[in-house]
Every structure is written in structure tokens, then in C-alpha cells.
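With the numbering used here, you'll find the sequence shown wraps up at 201, consecutive numbering, no jumps.
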Amino acid sequence: MIARLKGKVLEKNPTSLVIDVNGVGYLVSVPITTSSAIKGEETDLFVHTEVRTDSIQLFGFLRKEERELFCTLRNIHGIGPQTALAILSSMSYEDFFIAIKEQNAKRFIGIPKVGKKTAERILLELKEKDLPFVATVSSEERSPSERDTIYEAVCALESLGYKTNEALNAVNQAKNQETVLNVENLVKIALQILSH
């Protein structure tokens, strides 16, 4: 099993990377948050390997804890690898645990392939588990984060019919152009980017 990859980034897409390790190119599926955080030519990913009868698929994460969270989500009935990636693409590791602690189903509803029943199943199954961060992180300890602003802007664009990947790319570009980060400004600039 491949557990870690360190090498040169040959190709970068919102939900996948091709990493050259000693002349071999590995296709790795990643959350959008991982892809957008990788800036240089080199990367070091924690990898989860899934072996099926017809394929071997690699999933990469910048933090070991994110890989563990991905595996935890995969163990929940009805959550496949793409849904688990969509969840990790839609919120930070810390925000995930805040949502679990607060039993906030709304934070999950609207993520691709996550409806009300799936959101409630996630909260129910993880509520009883001894998960990191849940006991120590509370909503009072954090101010609205940049990641929350980006998430809301992406959701706004999705409600207008844009796909998650194109919405996130446009919002990330808008974020680099805008000094005042709020949802309204990001959506306005992202719409201009998407219209070109």
C-alpha cells in the first residue's frame, strides 16, 4: 500500500494531481482545498490507497489528520470516495469537527451527494466517536474564517448553476484580486471571471 508520496507536481487540477516520484507519475485524487494550497513544484502528500478488482485509486492529503478523517468518512454507510472528497473540499478540518460538535447538519447539506439523511447519518455516527478537536474546539473560539467566506461564495455560485470546481477556481482568483474579503465581493468578482 502507498501511504505517502513526495515528488514533483507534473499536472494540477482542482480535484487531482499527477506527481512524479523517481520517474513514475502517480495520479492522485485530492480535495479542492489540498489542490489550491499547493503552490510550488514539489509536494509531500499523505496517501490513502483503495484497491478494487478493476482499479487502484490514490487519495492525497497535506495533513495526516485529513487522511484519517477521509478514512473515517469512508467507513460511514453510503459515503463513497468522491463524496468524502467533496466534504473535505467544502470545509476545513477544524470546521468539520465544529459541525460535528454542534450537530450542525446544515453545514453538510448541499455538498454534492450529501442530502439531509446523509448529513444526519454523519452527525449520528461521529457523535459517539472519540474524535480529535471535538472536545476542544468551540464556535466561540473562532471568528468567521476566510475558508467560511470562500465556502459561502462557492455555494452562492453553485446555486446559480455553476459546478463546484469552476466556482471554487473563480472564487480563488477573486480572492487574490480583492483586499476586502466578504461573500458579496467574492461572488461579484467571481461572476466577472466566469463570464469571460
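Idealized CB from N, CA, C, for every residue including glycine.
Please state the DSSP three-state secondary structure of residue i.
{"i": "P149", "result": "Confidence in P149 is poor, its pLDDT being 47 and thus under 50, which makes the residue's placement unreliable; the coordinate value appears in the next sentence. Note: P149 maps to coil in three-state DSSP."}
{"i": "E47", "result": "strand"}
{"i": "V176", "result": "helix"}
{"i": "S34", "result": "strand"}
{"i": "T154", "result": "helix"}
{"i": "S200", "result": "helix"}
I'd like the list of long-range same chain contacts for residue i, defined as Cβ closer than 7 Å, with 5 residues on each side in sequence excluded.
{"i": "V188", "result": "T154, E157, A158, A161"}
{"i": "I81", "result": "R126, I127, E130"}
What's the C-alpha gap between residue i and residue j?
{"i": "R126", "j": "G166", "result": "27 Å"}
{"i": "A104", "j": "S164", "result": "22 Å"}
{"i": "L50", "j": "H201", "result": "34 Å"}
{"i": "A172", "j": "A195", "result": "8 Å"}
{"i": "L90", "j": "V35", "result": "7 Å"}
{"i": "A8", "j": "H53", "result": "6 Å"}
{"i": "Y31", "j": "Q108", "result": "37 Å"}
Leaving out five residues on either side along the sequence, give the residues of the same chain with a beta carbon under 6 Å from the beta carbon of residue i.
{"i": "L191", "result": "A158, V176, A179"}
{"i": "E55", "result": "Q62"}
From the DSSP output, read off the bridge partner residues of residue i.
{"i": "G65", "result": "V52"}
{"i": "K168", "result": "Answer is none; K168 lacks a bridge partner."}
{"i": "K17", "result": "L22"}
Leaving out five residues before and five after residue i in sequence, what residues of the same chain have Cβ atoms less than 8 Å from its Cβ?
{"i": "G45", "result": "V14"}
*Entirely enclosed alpha helix (DSSP H) segments - the segment 78-141, minimum 4 residues*: Entirely contained in the segment 78-141, the alpha helix (DSSP H) runs reaching 4 residues are, in chain order, 86-95, 98-107, 121-132.
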